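The structure under discussion appears below in the form of structure tokens.
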């Protein structure tokens, strides 16, 4: 199962995400659920890197993608980040609607204490 954690600040703004695991929908190389989630997440990272003045901290490894925004973004960058991360959230929710047994989405408040 894919686990997607969306991180929010105390104001409810999305500030990052982490996606781990594999869907298990089909064999490796044929898993459309994994491919869809991976494409959405990687596109979100690319969008944040391209359209924000400060690149996010991102780590992509086999079975894991973590991305966190810089804390000192301009108001314009926050608007852009909100649009990009909001689109990621919508896309993940659409996948979950069609394949609920293969993806779990959780929204958590970021405390900055190793979470």
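In the working numbering, the protein residues as written are 1 to 115.
C-beta atoms are modelled at their ideal positions from N, C-alpha and C, and glycine is treated no differently.
The structure presented is a predicted model; accordingly, all values stated were derived computationally and were not measured.
Around residue 9, the same chain offers 15, 109, 110 as residues with beta carbons nearer than 8 angstroms, after the five sequence neighbours per side are excluded. Annotation for residue 77: 52, 53 place their beta carbon closer than 6 angstroms to its own, counting only its chain and skipping 5 residues before and after.
Per DSSP, the unbroken alpha helix (DSSP H) holding residue 89 starts and ends at 75-98. Scanning its chain for C-beta atoms nearer than 8 angstroms, with the 5 sequence neighbours on each side dropped, one finds around residue 49 the residues 55, 56, 58, in chain order.
The C-alpha of residue 72 lies about 24 angstroms from the C-alpha of residue 19. Residue 40 counts as buried, since no fewer than 16 other beta carbons sit within 10 angstroms of its beta carbon. For residue 6, the enclosing beta strand (DSSP E) has its first and last residue at 2-8. In this structure, the beta-carbon distance from residue 1 to residue 29 does not fall below 9 angstroms. A Cβ-Cβ contact shorter than 9 angstroms links residue 43 with residue 88. Residue burial is scored here from C-beta neighbours: residue 66 has at least 16 other C-beta atoms within 10 angstroms and is therefore classed as buried. Looking at the DSSP output, residue 66 bridges to 18, 59.
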